[in-house]
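Protein sequences appear in the order of chains B and H.
For the record, in the first sequence the residue sitting at position 73 is 73 according to my numbering, with numbers rising by one throughout.
For the record, in the second sequence the residue sitting at position 73 is 73 according to my numbering, with numbers rising by one throughout.
A virtual CB, placed ideally from N, CA and C, is assigned to each residue, including glycine.
Comments concern the structure below.
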Amino acid sequence: MVKLKKFFIHMPLYVFLGAILILTIFPVVYVILASFKSNQEILSAGANLIPKKITLENYKLAWVLADFKQYTWNSVYMSSLIVLGTIITSSMGGYVFSRGKFPGKRIIFALFTSTMFISMGSVTIYPLLQICRGLHINNSLWGVIIINVFGLHITNLYLVKGFIDAIPYEVDEASKMDGCSFFRIYWNIIFPLLKPIIATVALITFRTAWNDYLLPLVFTLARPKQAPLVVGLVALKGSGEAASSWNLMMAGSAISMVPMLTIYFALNRYFISGLTTGAVKG
Amino acid sequence: MRTVSKRIITLHSSTNVKTSLKNNKKNKKEYIQSYLMILPQLIGFCVFTIYPIAWVVHLGWFSYDGVTKTYIGWENFIRLFTRDPMYWSTLLNTFVLAIGKLIVELPLALILAVILNLKLKGRSFFRAMFYMPNVISSAIIGIIFYFMFASFEGIVNNILLALKFISEPINWFGSKSTAMFVIAVAAIWQGFGINMLFFLSALQNIPEELYECADIDGANKFRQFLHITVPMLAPVSKVIFMLAFIGSLKITDLVLVLTNGQPAGQTEVVMTYIFKYFFTNSEGSSSQIGYASALGLVTSIIIGLVTVFYLKMMKKTGNIY
Numbered sequence: 001m002v003k004l005k006k007f008f009i010h011m012p013l014y015v016f017l018g019a020i021l022i023l024t025i026f027p028v029v030y031v032i033l034a035s036f037k038s039n040q041e042i043l044s045a046g047a048n049l050i051p052k053k054i055t056l057e058n059y060k061l062a063w064v065l066a067d068f069k070q071y072t073w074n075s076v077y078m079s080s081l082i083v084l085g086t087i088i089t090s091s092m093g094g095y096v097f098s099r100g101k102f103p104g105k106r107i108i109f110a111l112f113t114s115t116m117f118i119s120m121g122s123v124t125i126y127p128l129l130q131i132c133r134g135l136h137i138n139n140s141l142w143g144v145i146i147i148n149v150f151g152l153h154i155t156n157l158y159l160v161k162g163f164i165d166a167i168p169y170e171v172d173e174a175s176k177m178d179g180c181s182f183f184r185i186y187w188n189i190i191f192p193l194l195k196p197i198i199a200t201v202a203l204i205t206f207r208t209a210w211n212d213y214l215l216p217l218v219f220t221l222a223r224p225k226q227a228p229l230v231v232g233l234v235a236l237k238g239s240g241e242a243a244s245s246w247n248l249m250m251a252g253s254a255i256s257m258v259p260m261l262t263i264y265f266a267l268n269r270y271f272i273s274g275l276t277t278g279a280v281k282g
Numbered sequence: 001m002r003t004v005s006k007r008i009i010t011l012h013s014s015t016n017v018k019t020s021l022k023n024n025k026k027n028k029k030e031y032i033q034s035y036l037m038i039l040p041q042l043i044g045f046c047v048f049t050i051y052p053i054a055w056v057v058h059l060g061w062f063s064y065d066g067v068t069k070t071y072i073g074w075e076n077f078i079r080l081f082t083r084d085p086m087y088w089s090t091l092l093n094t095f096v097l098a099i100g101k102l103i104v105e106l107p108l109a110l111i112l113a114v115i116l117n118l119k120l121k122g123r124s125f126f127r128a129m130f131y132m133p134n135v136i137s138s139a140i141i142g143i144i145f146y147f148m149f150a151s152f153e154g155i156v157n158n159i160l161l162a163l164k165f166i167s168e169p170i171n172w173f174g175s176k177s178t179a180m181f182v183i184a185v186a187a188i189w190q191g192f193g194i195n196m197l198f199f200l201s202a203l204q205n206i207p208e209e210l211y212e213c214a215d216i217d218g219a220n221k222f223r224q225f226l227h228i229t230v231p232m233l234a235p236v237s238k239v240i241f242m243l244a245f246i247g248s249l250k251i252t253d254l255v256l257v258l259t260n261g262q263p264a265g266q267t268e269v270v271m272t273y274i275f276k277y278f279f280t281n282s283e284g285s286s287s288q289i290g291y292a293s294a295l296g297l298v299t300s301i302i303i304g305l306v307t308v309f310y311l312k313m314m315k316k317t318g319n320i321y
């Protein structure tokens, strides 16, 4: 009886959740299914979602003809280098702000925190390009990589700092007695303990890097061969042949979405925990 | 934390002079190592955060085409305030879009969070699915929605036709109101999940005891929601609203890819407008990087003022709860 009552109370909630769920996954499902249709079928399928005849032709075309092989490689190396670099800078920064005792610590941290409030959005992209022109890294993804690795990611700092704050002091006190230097404690003791939070930082960073559009666009304007997936895909849309190459665009969208989605569904607890702790602390 | 550091201080003061001298040396070494370890971020902060802002502020008073730079005083700002109605209409668009988006997005996020906070089966599945759009690139979302809402053989038109809601395809990107609607739908689709998560974590921070007490006092679920959940959520909701609003004002990629300001620049938002002065327009005969800087500066100040105004207003209304 109680179970039945509960069922009737929850029923409308599930219907509502289900409706929102359909709206949420519809665009993704549509693109992925359409990427297996021929161009003819995409343009004449009406409201039919399921492909009548599955074809891999679109992927072959996109991979070879539309340079998506190159774009994917660019995306992969750009994102991995950014993730690796950011793990090092963020974990060191978080460690120093958590455990370090040095003059100016508070002021520097306050200055860093202020970037949460004074960011100008895409307005500063042009000066960033100018700076990189001065450093001669303006015509490749190296500019993007360096800006992302050395640029400040205040959420990452907060995440790592919060995590280290929760590690008992006794852990590094002991090695301090043994004569470990400040850096050695980080490298040998603290860093290995950071695995869970580094997973979160890495995922957040990877998502941002993989999905970024404007910055890599500007840095690869002169050399389209160097473009990452997102930039290459949008360039295809703007090329004027978009109408006749829906199939390529669908396959391209799938190629750039699926790796990210796979990682997300495999590791979504790290994504979500990072977000909520970051939000509460920040 | 505090007790631990206190203990260390007492430890230090109780040791004799010799070791404290030694400690001084050690401290100095630690200072140097600390500075060295944050040096990369410190340099990055100066070069990639402070310098670009200073650069934009500085260039606001110059005419600059990428090669020659001439000081022109307040000319850029005079032009912005008196001769550029387009800028103000893009600013208005941005606010309309942000408000229209949040009116739907935030209540939806809150309702979903409240439902998922019940002990329903499969809630972590729903939570993961609703957040999913957030991991897709804004630019790709722009492309997907561009195809879905295409006037010729777009899936949305086709479905509406099949359901007989409309008799002929709608040209979604043909008029300002429908194009803005599509942008808003795409933006809501992208953003409701993250706000749902924020609300959800706020809900989970409400102590369970409050509900238990109310249960004992005989308050029903609805009254509990009204008198416990709502007031406990209010402070966090203010922050969530502010973050979402400011984020929406800075919308760039999505609009750039989805409509690119079409039709006839009517759906241009402020960030894409400025971006085009920096890049697209500078390929032609007249480069206007100085003017773009002035636009960026004024926009940042406007967004800053809106934030301050919002915080002030919230402080005043803060004592309602």
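Any Cβ of chain H within less than 7 Å of the Cβ of residue i?
i, result
"Met120 of chain B", "yes"
"Val201 of chain B", "no"
"Lys237 of chain B", "yes"
"Asn211 of chain B", "yes"
"Phe8 of chain B", "no"
"Ile147 of chain B", "yes"
"Arg207 of chain B", "yes"
"Met257 of chain B", "yes"
"Ile154 of chain B", "no"
"Pro127 of chain B", "yes"
"Tyr158 of chain B", "no"
"Val64 of chain B", "no"
"Asn58 of chain B", "no"
Is there a Cβ of chain B sitting closer than 7 Å to that of residue i, yes or no?
i, result
"Lys312 of chain H", "no"
"Lys164 of chain H", "no"
"Phe173 of chain H", "no"
"Pro235 of chain H", "no"
"Phe181 of chain H", "no"
"Thr257 of chain H", "This sequence places Val at residue 257 of chain H; Thr is not what is there. So yes, Val257 of chain H belongs to the interface."
"Phe62 of chain H", "no"
"Gly322 of chain H", "This structure leaves residue 322 of chain H out entirely; chain H is present only between 1 and 321."
"Trp324 of chain H", "Because chain H spans 1 through 321 in this model, residue 324 of chain H falls outside it and cannot be assessed."
"Asn220 of chain H", "no"
"Glu30 of chain H", "yes"
"Ser151 of chain H", "no"
"Phe95 of chain H", "no"
"Met242 of chain H", "no"
"Phe77 of chain H", "no"
"Lys250 of chain H", "yes"
"Ser300 of chain H", "yes"
Mind checking which residues open and close the beta strand (DSSP E) that includes residue i?
i, result
"Ser63 of chain H", "62-64"
What residue does the alpha helix (DSSP H) around residue i start on, and which one ends it?
i, result
"Lys69 of chain H", "Careful: Lys69 of chain H lies outside any alpha helix (DSSP H), inside the beta strand (DSSP E) at 69-71."
"Met58 of chain H", "Note that residue 58 of chain H corresponds to His in the displayed sequence, not to Met. Here the alpha helix (DSSP H) through His58 of chain H covers 51-59."
"Ala98 of chain H", "85-117"
"Gln358 of chain H", "With chain H running from 1 to 321 in the structure shown, residue 358 of chain H is simply not present."
"Thr272 of chain H", "270-278"
"Gln204 of chain H", "176-204"
"Ser138 of chain H", "138-148"
"Leu135 of chain B", "No alpha helix (DSSP H) contains Leu135 of chain B, which DSSP labels as neither H nor E."
"Val230 of chain H", "230-249"
"Tyr358 of chain H", "Shown here, chain H extends from 1 to 321; a query on residue 358 of chain H therefore has no answer."
"Glu75 of chain H", "75-82"
Check whether the Cβ of residue i lies closer than 7 Å to any Cβ atom in chain A.
i, result
"Asn139 of chain B", "Included in the structure are the protein chains B and H, with no chain A among them."
Checklist line | Sufficient close CB pairs (3 or more, under 8 Å) joining the segment 299-316 of chain H to the segment 96-114 of chain H | finding: The answer is no - the segment 96-114 of chain H does not touch the segment 299-316 of chain H, with fewer than three Cβ pairs under 8 Å.
Check: Are the segment 179-193 of chain B and the segment 109-124 of chain B touching, with three or more C-beta to C-beta distances below 8 Å?
Finding: Counting C-beta pairs with one atom in each stretch, the segment 179-193 of chain B and the segment 109-124 of chain B have fewer than three that are closer than 8 Å, which means they do not touch.
Notebook entry, point to check: What are the start and end residues of each continuous alpha helix (DSSP H) run of 4 or more residues lying completely inside the segment 31-88 of chain B, in chain order?
Noted result: Complete alpha helix (DSSP H) runs here, min 4: 39-42, 57-60.
Item checked: alpha helix (DSSP H) segments (min. 4 residues) lying fully within the segment 177-260 of chain B -> Complete alpha helix (DSSP H) runs here, min 4: 195-211, 214-219, 229-238.
Next item on the list: Could you run through the segment 19-44 of chain B and flag, in chain order, every residue whose CB is less than 9 Å away from some CB of chain H?
Entry: Listed by position along the chain: Ile20, Leu21, Leu23, Thr24, Ile25, Phe26, Pro27, Val28, Tyr30, Val31, Ala34, Ile42, Leu43, Ser44.
Next item on the list: Determine, using beta-carbon pairs with one atom in the segment 259-269 of chain H and one in the segment 179-190 of chain H, whether at least three such pairs fall under 8 Å.
Entry: Output reads yes: the segment 179-190 of chain H touches the segment 259-269 of chain H.
Note to self: Contact between the segment 94-104 of chain B and the segment 160-175 of chain B is defined here as three or more beta-carbon pairs at a separation below 8 Å; is this criterion met?
What the structure shows: Taking a cut-off of 8 Å for Cβ pairs, the segment 94-104 of chain B and the segment 160-175 of chain B touch, as three or more such pairs fall below it.
Check: At a Cβ cut of 7 Å, what residues of the segment 170-201 of chain B count as close to chain H, listed as they run along the chain?
Finding: Contact annotation: in the segment 170-201 of chain B, residues whose CB is within less than 7 Å of a CB in chain H are Ser181, Phe182, Phe183.
Notebook entry, point to check: What are the residues of the segment 37-53 of chain H that lie near chain B, defined by any Cβ-Cβ distance shorter than 8 Å?
Noted result: Against chain B - using a Cβ distance shorter than 8 Å - the residues of the segment 37-53 of chain H are Met37, Ile38, Pro40, Gln41, Leu42, Ile43, Gly44, Phe45, Val47, Phe48, Thr49, Tyr51, Pro52, Ile53.
Item checked: contact_flag[the segment 118-128 of chain B, the segment 287-300 of chain H] where n(CB pairs < 8 Å) is 3 or more -> Because the criterion of three Cβ pairs below 8 Å is met, the segment 118-128 of chain B and the segment 287-300 of chain H touch.
Notebook entry, point to check: Between the segment 127-136 of chain B and the segment 60-67 of chain B, do three or more beta carbon pairs fall short of 8 Å?
Noted result: Contact fails: fewer than three Cβ-Cβ distances are below 8 Å.
Next item on the list: Evaluate contact between the segment 239-256 of chain H and the segment 298-312 of chain H, counting only Cβ atoms and requiring at least three cross-stretch pairs below 8 Å.
Entry: Here the segment 239-256 of chain H makes contact with the segment 298-312 of chain H; the two share three or more CB pairs at distances below 8 Å.
Margin query: Under 8 Å: do the segment 40-56 of chain H and the segment 141-151 of chain B share three or more Cβ pairs, one atom per stretch?
Written below: Result yes; three or more Cβ-Cβ pairs closer than 8 Å.
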